[in-house]
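According to our numbering, the sequence shown is numbered sequentially starting from 3. The beta-carbon is built from N, C-alpha and C at its ideal position, and this holds for glycine as well. As the structure is a computational prediction, the values presented were derived from the model and not from experiment. Below is one structure; the comments refer to it alone.
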Amino acid sequence: MCAAISEVEQEELLEKLQVFKIKGRDKHGRKILRIIAKFFPARLVSVEVLKKYLEERVFLKLGKRKFAVLYVHSGVQRSENFPGISALRSIYDSLPANVKDNLEAVYFIHPGLQARLFFATFGRFLFDAGLYGKLRYVSRLDYLWEKVRRNEVEIPDFVFDHDEDLEYRPMMDYGLESDHARVYGGAPTVDSPVTTYSMRCIS
3 MCAAISEVEQ
13 EELLEKLQVF
23 KIKGRDKHGR
33 KILRIIAKFF
43 PARLVSVEVL
53 KKYLEERVFL
63 KLGKRKFAVL
73 YVHSGVQRSE
83 NFPGISALRS
93 IYDSLPANVK
103 DNLEAVYFIH
113 PGLQARLFFA
123 TFGRFLFDAG
133 LYGKLRYVSR
143 LDYLWEKVRR
153 NEVEIPDFVF
163 DHDEDLEYRP
173 MMDYGLESDH
183 ARVYGGAPTV
193 DSPVTTYSMR
203 CIS
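See below:
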């Protein structure tokens, strides 16, 4: 990650884009930390700022209760919003012990073939067995509602669009068909408000 703006601006950008949001509960009653990976401005936010942001604005709000992560992988492009393997390892290593202990499940939405292969190959080396065992792949949103309280979680429209594409073009799941024909919209910029991405809150 290469930061070109001040630390304060980086933190404000993360807040503005709502990359991380605590809202809703899963079917076990656990708080949900929703992460929209497509919104993450990897080129603008440094690893150190991200660690500080998580510690001060996310983990404190989670408190000491058990929680689950809802990680939305839809629309991720390695060059735009992927922080890199070394950054992921550094962030994971810096997590407080109580956060690791309280994290009970990671719902990984729209993993795709490359993500599955990555975790199958490197996941056990990057993360301990405890976290690796908490990973739950969710290939379609319909399956998510079996695990998460549907009316409490906000999902961006582009995720529903991606879900529909996968229904009609299932080979995209296995990397046998490209998704380049579908346009999901440009990557978020510093000037663009969060409302650029409409959210569908399902009741």
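Per the coordinates, the alpha-carbon of residue 116 lies some 11 Å from the alpha-carbon of residue 78.
The criterion of a C-beta distance shorter than 8 Å is not satisfied by residue 6 and residue 62.
Minimum Cα-Cα distance from residue 168 among the listed residues 144, 157, 127 and 151 corresponds to 144. Residue 23 has 36 as its beta-bridge partners, per DSSP. Straight-line measurement puts the Cα of residue 18 at about 28 Å from the Cα of residue 114. In the assembly as shown, residue 94 is an exposed residue. Its beta-carbon has fewer than 16 other beta-carbons within 10 Å. A contact is defined here as three or more CB-CB pairs under 8 Å, and the stretch 121–128 fails this definition with respect to the stretch 147–155. Per DSSP, reduced to three states, the secondary structure at residue 89 is helical. Under a 10 Å Cβ-count criterion, residue 127 is classified as exposed, with fewer than 16 other Cβ atoms of the shown protein chains found around its own Cβ.
Beyond the five residues adjoining it in sequence on each side, residue 72 comes within less than 6 Å, by CB distance, of 34, 36 and 109 in the same chain, given in chain order. Residue burial annotation: residue 81 is exposed, with fewer than 16 other C-beta atoms found within 10 angstroms of its C-beta.
Bounds of any beta strand (DSSP E) do not take in residue 162; it lies within the alpha helix (DSSP H) bounded by 159–170.
Only residues of its own chain outside the window of five on either side were considered, and among them 68, 69, 70 and 106 have a CB closer than 7 Å to the CB of residue 32, listed in chain order. Here DSSP, grouped into helix, strand and coil, assigns residue 28 to strand. Counted as a single uninterrupted DSSP element, the beta strand (DSSP E) harbouring residue 138 occupies residues 137–140. Looking at 10, 14 and 24, the one whose alpha-carbon comes closest to that of residue 156 is 24.
At the C-beta level, residue 125 and residue 102 stay beyond 8 Å of one another.
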